[in-house]
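Before any comments, here is the structure.
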Amino acid sequence: MFLSVKNDNPTSLRPADSGFTEADWEILAAFWHPVALSSEVADKPLGVTLLDVPVVLYRTGDGIHAARDSCPHRNARLSLGTVKAGRLTCGFHGFEYDGDGACTRIPALSPELPIPKKLCLTRFLCQERYGFIWVSLSDAPRAGLPEWPQVEDGSGTVAIVPPGVWNASAARHIENFSDLCHVPWVHTTTFGGPEVVIPPYEVHKSGLSLAFEVEMMERVRYVEEGHPSATTDVQYNRAFYRYETTLPFSCALRVHHPDSNSTYRVFDVGSPITAQTTRIFQIVVDESRQVAPEALVEFTERINVEDLSQVVAQCPQDLPLDLRDEIHIPADRMSVEYRRAMASLGLGSALPR
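Just so you know, we're using the numbering used here here: the sequence shown kicks off at 36 and counts up by one.
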């Protein structure tokens, strides 16, 4: 019913009941994470959650802002308030805050009296790029945003996939995104087929990035108009995949089909709402300009549905960073290197490998 008078760390942002260990939270907080689409924040504040921390996003004439979703007066959710004349207004007692987080007006306080200096918001670094709003909970992010020039250079048709929330860890999601071994079995209604054998490949490491290239055989279905079966006249076409994962939770995929001379890319980021809940942000770019944006989104969502049921059922939900916890085969090379790289950041208490 009551909080203790004593608090060993009153300035800590990590909630006491967080599913992240303190060490893991501090490491992940020092990166940029997408938390919303730019289109989701217009004239009203928006509440989101990042690493168990409630965050409010709001716009003023100066641009986009992010702060802890808590009014320092009585800890009311600021995302339930409004934005008026460039001021974020708390819906509980009407306290107003500017883009710098300073309280500029208290309706219940006489104008002659000073506003307490402690009445200011806990602000977070915030920026917009690729149609996403990105937030870092650290004042000194370890790295910048992932570089996706094809999203901005006009080289292809760009489609933003509506974000979905998965009851899975961000690490489990991003590992699955670059996993080849599941493709023949999980994606049987889109592009996979159980006859496909995964060829050997090498993972190249550079800084916070892991990359590999491989030639795969994709299953293609040709169905006569009106035919009741979706698996009639199956054939396989060549495809060249290039994956580049940027720690901790971002991956860029390039797919080239030489037979049709077509290329498309998928940019994927898992944003950790909690330790076991992730919002998935994706952008698809068709460099061949052969497919409408709506079709790109529809196909990507079909693939996501195939993945979802498997990833959310994995146990444990946390990604094992001790390589002795699971059995690995050559096709798992990217997964193994990803786990090693995450451990090298200090995540998972940096268990011996």
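Here a beta-carbon is modelled for each residue, glycine too, at the ideal position from N, C-alpha and C.
In summary, V232 is exposed, with fewer than 16 beta-carbon neighbours lying within 10 Å of its beta-carbon over all protein chains present.
Counted as a single uninterrupted DSSP element, the stretch harbouring E237 is not any beta strand (DSSP E), since DSSP gives it neither H nor E. Looking at the DSSP output, P89 bridges to T84.
Annotated three-state conformation of A51 is coil, per DSSP. Exposed is the label assigned to R273, since fewer than 16 other Cβ atoms lie within 10 Å of its Cβ. Ranked by Cα distance from L123, the first of V320, D97, Y165 is D97. For K119, the pairing in a beta bridge is given by DSSP as R122. According to the DSSP assignment, E163 belongs to the beta strand (DSSP E) that extends over 158 to 164.
DSSP, reduced to helix, strand and coil, places S204 outside both helices and strands of the structure shown, so it counts as coil.
Three or more Cβ pairs drawn from the region 321 to 336 and the region 176 to 194 lie within less than 8 Å of each other, which places the two stretches in contact. A residue is called buried when at least 16 other Cβ atoms come within 10 angstroms of its Cβ; L148 does not meet this threshold and is exposed.
Membership of V290 in any alpha helix (DSSP H) is not indicated; the residue belongs instead to the beta strand (DSSP E) covering 285 to 292.
Excluding the 5 residues flanking it on each side, P181 has same chain C-beta neighbours closer than 6 Å at T281, S285, in chain order. Its chain contains P80, G82, A102, D104, L113, S114 as the residues whose beta carbon lies nearer than 6 Å to that of V91, once the 5 sequence neighbours on both sides are disregarded; these appear in chain order. DSSP places I318 inside the beta strand (DSSP E), whose first and last residues are 312 to 321.
Taking the Cα positions, S379 is about 10 Å away from L243. Apart from the 5 residues on each side of it in sequence, E163 sits with its Cβ closer than 6 Å to the Cβ of S73, I99 in its chain, given in chain order. The alpha-carbon separation between A77 and Q325 amounts to approximately 32 Å.
Around the beta carbon of G305, 16 or more other beta carbons sit within 10 angstroms, so the residue counts as buried. Beta-bridge partners assigned by DSSP to A64: none are found. Around the beta-carbon of E333, fewer than 16 other beta-carbon atoms lie within 10 Å, marking it exposed.
Ranked by Cα distance from H292, the first of T312, E329, M252 is M252. Taking 8 Å as the cut-off, the Cβ atoms of V249 and Y236 count as close.
Judged by beta-carbon spacing, D174 lies beyond the 8 Å limit of L156, meaning their Cβ atoms are not closer than that value. Judged by DSSP secondary structure, A101 falls within the beta strand (DSSP E) whose first and last residues are 98 to 103.
Under a 10 Å Cβ-count criterion, S145 is classified as exposed, with fewer than 16 other Cβ atoms of the shown protein chains found around its own Cβ. Rounded to whole angstroms, L288 and G134 show a C-alpha spacing of 37 Å.
A143 has its alpha-carbon roughly 43 Å from the corresponding atom of W201. Counting only the Cα atoms, T139 lies some 9 Å from L154. Using a 10 angstroms sphere on the CB of E57, the tally of other CB atoms stays under 16, which defines it as exposed. W169 and S53 have their alpha carbons spaced roughly 21 Å apart.
As far as DSSP is concerned, P176 takes part in no beta bridge. Distance between P176 and N296, taken at the CA atoms: about 39 Å. F55 is not a Cβ neighbour of A376, given a cutoff of 8 Å.
Selection L86, Y373, T95, Y132 evaluated against P107 yields Y132 as nearest (Cα-Cα). Judged by DSSP in its simplified three-state form, L245 adopts strand.
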